[in-house]
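Per full-length UniProt numbering, the sequence shown starts with residue 1, numbered consecutively. Okay, so here's the structure we're looking at.
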Amino acid sequence: SYSGVSCVTRAHMVEPGRFDNLAHAIAVSVLAIVFVHVALLFKRTAHARRSTKRRLGLASNTHRGGAPRPRVYGFYHPTSADGGGGERVLWAAIDAVQRRDAARRASGEDATKDDDDDNDVEKSVTVVYTSSNLSGEGMITRAKARFGITIRGPIHTVKLTRERWTRAETYGRCTIAKQALGSVALGVEALSALTPDVFIDTVGHAAIYPLSKYVFRCKTVAYVHYPTVSSDMIERVREGRVMYNNSGRFAASKYLTGLKVLYYRAFSAAYGWCGKSCSCVMVNSSWTKAHIDALWGVNSKVVYPPCNVEDLTKLPLTRQRLDKLGNAAKKENACLRVISVGQFRPEKAHLEQVAAWAALKKVKSLSYKLENAILVFVGGCRDDGDLERLKDLKQSVKDLELEKSVEFVVDASYDELKRQLSRASVGIHSMIDEHFGICVVEYMAAGAVPVAHASGGPLMDIVVDSPEGPTGYTALSVQEYADFLQHLLMMSRPEREVIAARARKQSLLFTEEKFRKKFIDALAAVDL
Numbered sequence: 001s002y003s004g005v006s007c008v009t010r011a012h013m014v015e016p017g018r019f020d021n022l023a024h025a026i027a028v029s030v031l032a033i034v035f036v037h038v039a040l041l042f043k044r045t046a047h048a049r050r051s052t053k054r055r056l057g058l059a060s061n062t063h064r065g066g067a068p069r070p071r072v073y074g075f076y077h078p079t080s081a082d083g084g085g086g087e088r089v090l091w092a093a094i095d096a097v098q099r100r101d102a103a104r105r106a107s108g109e110d111a112t113k114d115d116d117d118d119n120d121v122e123k124s125v126t127v128v129y130t131s132s133n134l135s136g137e138g139m140i141t142r143a144k145a146r147f148g149i150t151i152r153g154p155i156h157t158v159k160l161t162r163e164r165w166t167r168a169e170t171y172g173r174c175t176i177a178k179q180a181l182g183s184v185a186l187g188v189e190a191l192s193a194l195t196p197d198v199f200i201d202t203v204g205h206a207a208i209y210p211l212s213k214y215v216f217r218c219k220t221v222a223y224v225h226y227p228t229v230s231s232d233m234i235e236r237v238r239e240g241r242v243m244y245n246n247s248g249r250f251a252a253s254k255y256l257t258g259l260k261v262l263y264y265r266a267f268s269a270a271y272g273w274c275g276k277s278c279s280c281v282m283v284n285s286s287w288t289k290a291h292i293d294a295l296w297g298v299n300s301k302v303v304y305p306p307c308n309v310e311d312l313t314k315l316p317l318t319r320q321r322l323d324k325l326g327n328a329a330k331k332e333n334a335c336l337r338v339i340s341v342g343q344f345r346p347e348k349a350h351l352e353q354v355a356a357w358a359a360l361k362k363v364k365s366l367s368y369k370l371e372n373a374i375l376v377f378v379g380g381c382r383d384d385g386d387l388e389r390l391k392d393l394k395q396s397v398k399d400l401e402l403e404k405s406v407e408f409v410v411d412a413s414y415d416e417l418k419r420q421l422s423r424a425s426v427g428i429h430s431m432i433d434e435h436f437g438i439c440v441v442e443y444m445a446a447g448a449v450p451v452a453h454a455s456g457g458p459l460m461d462i463v464v465d466s467p468e469g470p471t472g473y474t475a476l477s478v479q480e481y482a483d484f485l486q487h488l489l490m491m492s493r494p495e496r497e498v499i500a501a502r503a504r505k506q507s508l509l510f511t512e513e514k515f516r517k518k519f520i521d522a523l524a525a526v527d528l
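Written out as structure tokens, the structure is:
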């Protein structure tokens with residue numbers, strides 16, 4: 001086995017063709033084993049599937065009065081109770097489909113219309129596959145409170161019990177492969193409990209797509225937030241760069257680097273095959289499209305995720321002068337606020353923001369503007385891992401003696417998020433290769449000038465200069481972040497408001513209305 005590994009390492013360095021062939025062979029073998037087990041499991045789950053269909057009144061192919069039963073849309077999003085951008089996409093997508101179907105029935109297009117029943121929304125069935133204990137009504141209430149999205153019709157839920165099998169923190173090594181296998185088990189649980197007509201994945205578990213299409217015979221739709229593996233990721237591993245997904249131990253060893261590149265290439269081959277099983281593929285940005293089209297061999301449609309632009313653009317561009325406690329203050333006592341919105345996940349690179357803030361506070365010619373400035377973290381915690389990262393972040397703030405200028409708002413409601421955005425003059429975001437960056441759009445819509453990482457969606461789609469000038473700034477290093485923050489905070493208020501106005505205009509490209517239209521257009525293109 002050791003000589004085989006040595007050959008792999010040499011192939012990585014010298015013979016890429018043989019290297020890729022080996023990766024494909026590994027991928028095909030693993031997929032074959034997985035699908036044999038899935039077929040056996042599928043035979044044992046028919047009873048559970050029939051039971052759930054009876055509960056939702058879908059046990060037969062006909063509905064009341066002999067009319068065809070409603071089309072069932074199954075939205076697969078195990079973490080539906082979380083409060084991130086992916087969950088906003090889920091609820092906006094449900095809203096889009098329910099609005100479309102209600103409009104069809106109102107115009108007489110829907111064959112299932114029952115003249116004796118005025119409740120149009122109930123003519124189609126919306127199912128959410130979730131690990132949450134919330135009822136359908138509870139989810140609707142949460143979607144309204146967290147995202148400001150009003151769901152028109154009822155939501156049925158299918159409770160999933162194996163969601164932890166899809167989380168990275170459940171595994172020590174080979175996380176993406178183990179997560180993919182975990183998602184297969186979770187997908188079998190979901191689709192065995194209830195098989196919809198249209199299976200819509202909004203979380204990115206691509207390993208489920210072949211099951212949905214070939215085993216459960218569903219029309220399969222994918223909304224992809226980011227590629228699970230990408231050429232950029234493989235290249236960083238090949239170069240030996242240390243990141244959250246490539247430890248120093250692997251980066252320092254050519255032997256381990258060769259193994260990891262082989263592992264990623266094998267996974268890429270399997271990932272690409274899974275992606276080809278979709279009837280419709282939507283992606284959230286130009287960056288994601290480039291990677292998904294290359295990996296899956298498809299022509300995906302860019303559907304920018306829904307941002308609550310309509311509501312946030314109502315906030316005044318001119319910020320009130322407030323002190324640290326939020327009370328009205330004179331110019332020299334006012335605290336300019338920089339906001340950072342995002343879950344406390346490792347890839348969000350919050351520690352980089354703290355480092356930039358520390359560099360800003362060390363500026364020798366510190367004016368009252370910089371001295372009084374406050375950095376406000378607004379984010380949520382999904383699990384114990386996020387809570388531990390938040391604890392580490394607070395400790396870092398303390399170690400750098402920044403407690404007086406850094407605040408934390410954890411698990412904020414939508415109203416609280418909106419209040420914090422209304423006070424911020426600048427927004428900071430530091431994730432590398434952020435697939436889109438909803439919070440960057442929220443900064444711009446609310447009137448906070450963004451400083452984002454010069455990669456991914458923020459660079460290619462969002463923080464794009466207008467003919468009149470910049471709509472924000474992108475940075476590559478801690479020092480660049482500090483420099484741009486200093487530049488913006490030292491501006492006069494009118495100068496900053498000119499940039500904020502351009503940023504707000506740019507944010508209008510990413511409204512919920514535009515998302516709904518493009519999402520439905522993508523479904524309509526494949527008769528869904």
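Yeah, the Cβ is synthetic: ideal placement off N, Cα and C, and Gly gets one too. From a predicted model like this one, the values you see are computed outputs, not experimental measurements.
Residue i, DSSP secondary structure in three states
{"i": "Thr195", "result": "coil"}
{"i": "Glu512", "result": "helix"}
{"i": "Asp201", "result": "strand"}
{"i": "His435", "result": "coil"}
{"i": "Pro494", "result": "helix"}
{"i": "Phe519", "result": "helix"}
{"i": "Thr9", "result": "Only weak support is given to the placement of Thr9: the predicted model assigns it a pLDDT of 35, under 50, and the value that follows is read from those uncertain coordinates. Helix, per DSSP."}
{"i": "Lys213", "result": "helix"}
{"i": "Thr141", "result": "helix"}
{"i": "Ala185", "result": "helix"}
{"i": "Ser132", "result": "coil"}
{"i": "Tyr362", "result": "Position check: residue 362 holds Lys in this sequence, whereas Tyr was assumed. Lys362: coil per DSSP, three-state reduction."}
{"i": "Tyr473", "result": "strand"}
{"i": "Ile428", "result": "strand"}
CB contact flag (residue i, residue j, <9 angstroms)
{"i": "Pro450", "j": "Ile428", "result": "yes"}
{"i": "Val72", "j": "Val158", "result": "no"}
{"i": "Arg152", "j": "Leu186", "result": "no"}
{"i": "Leu322", "j": "Ala328", "result": "yes"}
{"i": "Lys265", "j": "Ala424", "result": "Correcting the residue type first, residue 265 is Arg in the shown sequence and not Lys. Cβ distance not < 9 angstroms, so Arg265 and Ala424 don't count as in contact."}
{"i": "Thr202", "j": "Gly182", "result": "no"}
{"i": "Ala222", "j": "Cys174", "result": "no"}
{"i": "Ala448", "j": "Ile339", "result": "yes"}
{"i": "Leu317", "j": "Val354", "result": "no"}
{"i": "Arg382", "j": "Asp82", "result": "yes"}
{"i": "Arg502", "j": "Pro470", "result": "yes"}
{"i": "Tyr368", "j": "Glu332", "result": "yes"}
{"i": "His156", "j": "Gly136", "result": "yes"}
Rounded separation between residue i and residue j - CA only
{"i": "Ser422", "j": "His205", "result": "36 angstroms"}
{"i": "Asp527", "j": "Lys260", "result": "41 angstroms"}
{"i": "Thr141", "j": "Leu211", "result": "32 angstroms"}
{"i": "Ala445", "j": "Leu366", "result": "30 angstroms"}
{"i": "Lys361", "j": "Glu371", "result": "7 angstroms"}
{"i": "Leu476", "j": "Ala349", "result": "12 angstroms"}
{"i": "Leu402", "j": "Val376", "result": "12 angstroms"}
{"i": "Asp386", "j": "Arg69", "result": "43 angstroms"}
{"i": "Ser405", "j": "Val184", "result": "46 angstroms"}
{"i": "Ile94", "j": "Glu310", "result": "19 angstroms"}
{"i": "Met282", "j": "Lys517", "result": "13 angstroms"}
{"i": "Thr195", "j": "Val426", "result": "46 angstroms"}
{"i": "Ile234", "j": "Trp273", "result": "18 angstroms"}
{"i": "Leu325", "j": "Ile374", "result": "11 angstroms"}
{"i": "His435", "j": "Ala452", "result": "12 angstroms"}
{"i": "Met491", "j": "Phe484", "result": "11 angstroms"}
{"i": "Phe519", "j": "Ala96", "result": "7 angstroms"}
Boundaries of the alpha helix (DSSP H) in which residue i is found, first to last residue
{"i": "Thr288", "result": "286-296"}
{"i": "Lys418", "result": "414-423"}
{"i": "Met460", "result": "Counting along the chain, Met460 falls outside any alpha helix (DSSP H), and DSSP gives it neither H nor E."}
{"i": "Val89", "result": "85-106"}
{"i": "Val261", "result": "254-275"}
{"i": "Gly385", "result": "384-399"}
{"i": "Lys369", "result": "368-372"}
{"i": "Val229", "result": "Run containing Val229: none; DSSP gives neither H nor E here."}
{"i": "Val309", "result": "309-312"}
Bounding residues of the beta strand (DSSP E) (the contiguous stretch that carries residue i)
{"i": "Glu407", "result": "406-410"}
{"i": "Val72", "result": "72-76"}
{"i": "Ala452", "result": "449-453"}
Min CB distance residue i to chain C below 9 angstroms
{"i": "Ala102", "result": "Of the protein chains in this structure there is only one, and it is not chain C."}
Closer than 8 angstroms: residue i CB and nearest the ligand ZN heavy atom
{"i": "Arg162", "result": "Ligands displayed in this structure: none; no statement on the ligand ZN is therefore possible."}
| Taking one C-beta from the region 218-227 and one from the region 284-295 each time, how about it: are there three or more such pairs within less than 8 angstroms? | yes
| If you pair each beta-carbon of the region 425-442 with each one of the region 462-481, do three or more pairs fall below 8 angstroms? | yes
| message | Using 8 angstroms as the cut-off, can you tell me whether the region 501-509 makes contact with the region 76-93, which would need three or more C-beta pairs spanning the two stretches below that distance? | response | Contact fails between the region 501-509 and the region 76-93, because fewer than three Cβ pairs, one in each stretch, are under 8 angstroms apart.
| If we count Cβ pairs, one from each stretch, closer than 8 angstroms, do we get three or more for the region 338-347 versus the region 123-131? | no
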